[in-house]
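Quick mapping for you: the protein sequence lines, in order, are chains S and P. When we follow the working numbering, the leftmost residue of the first sequence carries the number 1, and every step to the right adds one. When we follow the working numbering, the leftmost residue of the second sequence carries the number 1, and every step to the right adds one. Below is one structure, written out as structure tokens; comments come after it.
There are 2 protein chains.
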Amino acid sequence: MMQACGIVAEYNPFHRGHQYQLKQARQQSAADCLIVVMSGNFVQRGEPAIVDKWQRAQLALQFGADLVIELPFASACQPADLFAQGALQILSMLQCTTLAFGTEDVTFDYQKFGQQMLGQVQHQQFTIDYQKTYATQWNDFLTAVIGRRVTAPNQLLGLSYALANAQLTQPLKLIPIQRQGAAHDQTEVATAATFASASAIRQLLLDQQPAGAVQPLLPYPQARLQPPYINVEQLWPFLHFRLNTTWPSELADIYQMSEGLEYRFNEQNRESTSWSDFLQRVKSKRYTYARLRRLALYTTLNITNQDLKQAQSWGPQLRVLGFNQIGQAYLHQQRPQLPTPLITKVDAKTGATNGPLGLQVRVDRFYQQLSGREQNFKRRVIITNKEFN
Amino acid sequence: MMQACGIVAEYNPFHRGHQYQLKQARQQSAADCLIVVMSGNFVQRGEPAIVDKWQRAQLALQFGADLVIELPFASACQPADLFAQGALQILSMLQCTTLAFGTEDVTFDYQKFGQQMLGQVQHQQFTIDYQKTYATQWNDFLTAVIGRRVTAPNQLLGLSYALANAQLTQPLKLIPIQRQGAAHDQTEVATAATFASASAIRQLLLDQQPAGAVQPLLPYPQARLQPPYINVEQLWPFLHFRLNTTWPSELADIYQMSEGLEYRFNEQNRESTSWSDFLQRVKSKRYTYARLRRLALYTTLNITNQDLKQAQSWGPQLRVLGFNQIGQAYLHQQRPQLPTPLITKVDAKTGATNGPLGLQVRVDRFYQQLSGREQNFKRRVIITNKEFN
């Protein structure tokens, strides 16, 4: 029986740090197959990915992944706990036995903390306190469980994986991997560095820096990232348009639009001149930028509470973006036991408005409007013969 | 007592033919005051006006009008009969005694036909036959009343005025004015002509023709039409976006979206590359281009059945865009008898979401997004001292 190790990723864009992580995951897990669950065209921070899911999946397959599955929009653009839950559910359905993830501190006992957090969650419900942001409450909760404040972004994300993992019937073995070089959110790149954060690389690409600045950070020729590079600012005319043409009362249906935020959105829209200007204007102590960014994205994409419920009622979908021979063999082995069919192409049935990928197809239509490249109906699963290097 | 003559117009853009018509209206009506009811930023054919309502009102005041009132969106972007009804209601509220309008044939007895049409409408309800377009049914009705087929566009519009006028408690006296030069829809301009249709002039402006081509057609320096000139094709990215991010079932709420057109819109959107391409794709025998153009505009602007009902429940509003001393004196005379208050500025109350100009403000926000110029809250009524020339 082949064994699989799972990885949760965005690869926005894929860089040397990701390549290193895949290599380490293979070594440390000793798994036969590396499965990546990757955000699609919209990522966790509430923005479009700089290049589309197909380009990102292709690079992942070339540099270490054996199988890439798309994390559905309904999980991908969510706070860390729901993001982690969605991803772990998919890796669990695929019977991964280990989960590898990058972190600032590999000495942290994620497995133990996961169990402890689960105990706390089960015995003492997370009471919603509207005086504090969700992020603050989550951090308070972690501090109470762990006994000290955690601030490093990948440690926090690791704890989300640990809790989501503990919630599974058959939890995976956790493999923390030491992150190299840059922190997750670092936007400055030391010129000599070959490990930089994805956000720093995005900034360089969007600022149209010469190839010399970006190339050392990528394990492939920069030209492999095919323009147009999608910038969240390109969403502004559409968010502005949406807010210009929608009554605040209608906005109230948008997922996560609560406590009168629809009026704040409506009012602040009028004078705003860009996506970032708008976010600054709607910002208050009550809401983190992370939450507002996602809410602005939901508003742009017209994602309602009903849409999310509908997508969730379908449950996690196994949308295959690509594989190599190892991934293919693994899928062949698992297929009989899969709780839901593998989706290798989007057709009139799976992609229908009320089909399992209906919402995914809808959000991707907008990405397609920006990128000019078809994202679903005419796309075939990437099949690659290349071994990882 | 001052007497007023009404005119219904779009001035998209204002040209020599309009100047001639205003002059004739003043002479033939012998009225003290010429009142123009003018479409706002979106016009009857379901498109944005080439320049905004303020620029158009200013030119009308300079070249013959004494008072310009805005025809609300809920009447302006409608088939000829509803367009005419909305305009005539406003002119009637302002106690105009005559209505002047351009036509291809001034020998036509509009007053008599108006009465005959009213008799027919009252005694034999217009039965909706879904095998025929609304336009066909309307033309059949006119043919039956008048005894011969009418095809000239301004004659048809004149008949709509005539019917709307006959429906008033105190009908106005109709003054048909012979149109000069071009037909309403003619898009080719003879180089020597000084009378050209507004659509031909729009085409020249949008094609960025040299000033030499357009200038002779305008009674003012061409530079008075301040760019950006708004083209309906600029709406395409937004209609495409709307259709990309909306379920067909939600589209069904759009005003006039009937008989499954929402699915046709949804499907044809995918491959369409422009506004005109989209219209060609959705076109069928069942719907005229005029109807589809307006429906595409309603969809772009997210105008629902509920929005129209709400706007109509407020009734026609007297939104003043500008006047000269004559117009001011006339308003002063009429003010005590007006059934609804004059609106000379849009404020938090009149412009509120649920206020009398709520829908107007909402549609104008989008125009503003295209033109870059505030359309309501900070705009003052145009007051001009100039006499007409």
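Yeah, the Cβ is synthetic: ideal placement off N, Cα and C, and Gly gets one too. Model, not experiment: these values are computed from the prediction.
Item, Value
"Within-8 Å CB hit, N139(P) to chain S", "no"
"Min CB distance R54(S) to chain P below 8 Å", "Before going further, note that residue 54(S) is Trp rather than Arg in the sequence given. It does not: the Cβ of W54(S) has no partner Cβ on chain P nearer than 8 Å."
"Bridge partner(s) assigned by DSSP for A4(S)", "C33(S)"
"With 16 other Cβ atoms within 10 Å as the buried cut-off, status of E233(S)", "exposed"
"Where the beta strand (DSSP E) containing R319(S) begins and where it ends", "L318 to F323"
"Proximity winner among R270(P), N324(P), Q337(P) and I343(P), relative to F63(P) (alpha-carbon distances)", "N324(P)"
"Selection from V43(P), S75(P), Q78(P) and V37(P) that minimises the alpha carbon distance to A60(P)", "V37(P)"
"Anticipated Cβ contact below 8 Å, Y367(P) with T304(P), distance rounded", "About 19 Å separates the two Cβ atoms, so there is no contact after all."
"Where the region 279–300 of chain P meets chain S: residues whose CB sits under 9 Å from a CB there", "T300"
"Distance, P210(P) Cα to L22(P) Cα", "28 Å"
"Of the listed residues G315(P), R281(P) and Y161(P), nearest to D110(P) (C-alpha basis)", "According to the sequence provided, residue 110(P) is Tyr. The question's Asp does not apply to it. Ranking G315(P), R281(P) and Y161(P) by Cα distance to Y110(P) puts Y161(P) first."
"Closest Cα partner of L157(P) within the set A87(P), Q180(P) and Q222(P)", "A87(P)"
"Cβ shell of V381(P) (< 8 Å), same chain only, five flanking positions each side left out", "V320, L321, G322, F323, T344 and K345"
"Contacts of W275(P) in chain S (Cβ-Cβ under 7 Å)", "Here the premise fails: no neighbours, minimum Cβ distance about 14 Å."
"Touch test, the region 239–249 of chain P against the region 283–294 of chain P, Cβ-Cβ under 8 Å, three pairs minimum", "no"
"Span separating the alpha-carbon of Y17(P) from that of Q27(P)", "The sequence as given places Gly at residue 17(P); Tyr does not occur at that position. Cα to Cα, the separation comes out at about 15 Å."
"Bridge-paired residues (DSSP) for Q178(S)", "T103(S)"
"C-alpha distance - L308(S) paired with L370(S), whole-angstrom precision", "23 Å"
"Positions along the region 232–252 of chain S whose CB lies within less than 9 Å of some CB in chain P", "P237, F238, H240, F241, R242, L243, N244, T245, T246, W247, P248, S249 and E250"
"Beta-carbon proximity list for R45(P), same chain, < 8 Å, skipping 5 on both sides", "A290, R293 and R294"
"C-beta neighbour in chain P for N302(S), strict 8 Å", "yes"
"Cβ neighbours of T288(S) in the same chain (closer than 6 Å, five flanking residues each side left out)", "T133 and A135"
"Residue-level contact to chain P via CB, T353(S), 8 Å cutoff", "yes"
"Straight-line Cα distance separating L71(P) from I90(S)", "57 Å"
"Of the residues T384(S), L301(S) and T107(S), the one placed nearest F73(S), counting alpha carbons only", "L301(S)"
"Closer than 8 Å to chain P by CB, F366(S)", "yes"
"Range covered by the alpha helix (DSSP H) that runs through I201(P)", "A198 to L206"
"DSSP-derived helix/strand/coil call for F108(S)", "coil"
"N-terminal and C-terminal residue of the beta strand (DSSP E) that L71(P) is part of", "L67 to L71"
"Cβ separation of Q85(S) and A164(S), assumed to be a contact under 8 Å, to the nearest whole Å", "4 Å"
"Simplified DSSP state of V43(P), which is helix, strand or coil", "strand"
"Member of T169(S), K173(S), Q170(S) and S197(S) whose CA lies at the smallest distance from the CA of R179(S)", "S197(S)"
"Chain S residues whose Cβ lies nearer than 9 Å to that of R362(P)", "N244, T245, T246 and W247"
"Residue closest to P216(S), alpha-carbon to alpha-carbon, out of V51(S), M1(S), I201(S) and E374(S)", "I201(S)"
"Residues that Q369(P) contacts on chain S, provided the C-beta gap is smaller than 8 Å", "P237, H240, F241 and N244"
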